[in-house]
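Residue numbers (the working numbering): 673 to 1263.
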């Protein structure tokens, strides 16, 4: 990055000041408190926005308490950009950067990111490398930053991305994947999820396992339901139909019995067999004409008595007695006959016999009807019993039918549930597969993290080892130039520990003179800038050479005249300008 122009609108005590820089050496010359350091701080403000951890910008806010503002034109990769800031960078207040070749304008966070990419160093690194106030002190500050930059180069190819941060991020990422102590750790959660899904799948398979038996039970339940339903439908009205027919038969019999009973007189309903015998005997007696015989006997006896004397009287008396007795017997038989005939309303014995015969037949028929009625009543009773039994059977069948239907419905519901289980099982198996794949993927990711950490660490260690000879060689060349002594070599360890090798051995910085130490760190500082940062970018020296003697200052100015960097240094010393005039052309900016 090369700084082309500054337009300071309002910064510290400077207002509406324009400063133009050359690509080579630029000297900001002025007395103390003339604004030299203010200009350098303005450059920092334009780059970083005045909100960094190291923030001297706040000491240079305008005296009227207004917001600092200004513009800076820079060149990067043969393209010029205009950076504009109005106020210190904060949330919602960003730089505006314009591509002066294309006119493209970038604002907001994208503008800040673009400035960071162009400058290519953080604010801490800026302070300890390309911005120099005291070479030796700032180099000590730069040591850790340089190591970080090497770490970053070894791991990401970008010096601004910190090695330790990457390792920390990788460790954090690994913990977020593997740590059982973290609730949101992915792999333990996936393992728990996998175990839960395995248990669910096992449970679902156990439930689905009964499907075949349930389907068999369902077929049996359906067959039983159909059989019982058909039986109930066929048998339900059979008993009632039979009872109806029997009751109708009884009604018919009762009608016949009533009709028959109306035909038979009441007295014949109590018919006595003895009465028939009496009538028969009486008729026989009456039919023998006993009265005529007795009369004849009496006549004979009377005649004989007159002819025979006493004996005839005896015979007569006997005949009279016998005849009177016969008469009484006959008369009694006649009374019985008349009584019986009168009771049955018969004209004579034959009439009585005919009636007896007719009514006997009717009575026999009546008894037959009654017997049949009794039989039917018995059948009805049996049928009612049978009906009750069938009713109980039907009730039992109905209950069994209900049970069969209930069982069928239950089995169907269970099968429907199993169907849902099967669908759920498919989903769970898919989930299991996804979790398994996720677990394998994250486990592979953990392996990648471990491999990456190992690779980065090895690369960093190798880069430090490789960097040491490179920076040692570069620093040695610069040191030889500024000291005009090729016998002394700078040695830089992998941990950036500096030492000076002379013929008599190695010397640490603590054993060197201040002048040698200043040149040692200047050489190292410039070697680091050449090697790690930018071979042609801006380097700022803010009154960095005020303690240098004539000899050292001459050598330094000679080197700065030959370097490809854009040099900006501030000074109040005309002595420094005199040495610089003899070494190179420069752009003088007087305040």
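Cβ coordinates follow ideal geometry from the N, Cα and C atoms, glycine included.
About 11 Å separates the beta carbons of residue 1212 and residue 693, which is beyond the 8 Å limit, so they are not a contact pair.
Closest by C-alpha distance to residue 1094, out of 868, 786, 1249, 882, is 882. With at least 16 other beta carbons inside 10 angstroms of its own, residue 682 counts as buried. When C-beta atoms of the segment 1043–1058 are compared with those of the segment 852–860, fewer than three pairs fall below 8 Å, so the two segments do not count as touching. Residue environment analysis places residue 707 among the buried positions, since at least 16 neighbouring C-beta atoms fall within 10 angstroms of its C-beta. Taking every protein chain shown into account, the CB of residue 1186 has fewer than 16 other CB atoms within 10 angstroms, so this residue is exposed. A direct Cα-Cα distance of roughly 21 Å separates residue 1128 from residue 792. Burial is judged here by how many other beta carbons sit within 10 angstroms of a residue's own beta carbon; residue 1190 has at least 16 and is buried. According to DSSP, residue 743 shares a beta bridge with 679, 756. Around the beta carbon of residue 1183, fewer than 16 other beta carbons sit within 10 angstroms, so the residue counts as exposed. The bridge partners DSSP lists for residue 1163 are 1171. Per the coordinates, the alpha-carbon of residue 894 lies some 11 Å from the alpha-carbon of residue 1075.
For residue 1091, the number of other beta carbons within 10 angstroms of its own is below 16, and it is reported as exposed. Counting along the chain, the unbroken alpha helix (DSSP H) around residue 1251 starts and ends at 1246–1255. Taking 8 Å as the cut-off, the beta carbon of residue 927 is found no closer than this to the beta carbon of residue 1034. Annotation for residue 768: the continuous beta strand (DSSP E) segment containing it runs 768–771. Residue 881 is not bridged by DSSP to any residue.
In the displayed model, residue 722 falls within coil according to three-state DSSP, outside both helix and strand. If you draw a straight line from the Cα of residue 1122 to the Cα of residue 861, it comes to about 20 Å. A direct Cα-Cα distance of roughly 10 Å separates residue 1248 from residue 1221. The beta carbon of residue 915 lies closer than 8 Å to those of 1052, 1055, 1056, 1059 in the same chain, with the five residues before and after it left out. With respect to residue 1228, residue 1195 sits apart: the two C-beta atoms are not nearer than 8 Å.
Under the three-state reduction of DSSP, residue 926 is assigned to helix. Contact between residue 712 and residue 1214 holds: their C-beta atoms lie close to 5 Å from each other, under 8 Å.
About 14 Å separates the CB atoms of residue 699 and residue 1218; that is not less than 8 Å, and the two are not in contact. Residue 721 and residue 703 have their C-alpha atoms some 27 Å from each other. Between residue 1156 and residue 677, the alpha-carbon positions lie close to 36 Å from each other.
Straight-line measurement puts the Cα of residue 1071 at about 22 Å from the Cα of residue 888.
Per the coordinates, the alpha-carbon of residue 1244 lies some 11 Å from the alpha-carbon of residue 709. Listed as beta-bridge partners of residue 1258 by DSSP are 697.
For residue 1200, the enclosing alpha helix (DSSP H) begins and ends at 1186–1200.
For residue 1239, there is no enclosing alpha helix (DSSP H); the residue is found in the beta strand (DSSP E) stretching over 1238–1243. When secondary structure is reduced to three states using DSSP, residue 801 falls in the coil class, being assigned neither helix nor strand.
Beta-bridge partners of residue 707 (DSSP): none assigned. Boundaries of the beta strand (DSSP E) around residue 1210: 1210–1214. In this structure, DSSP gives residue 1022 a helical state, which the three-state scheme calls helix.
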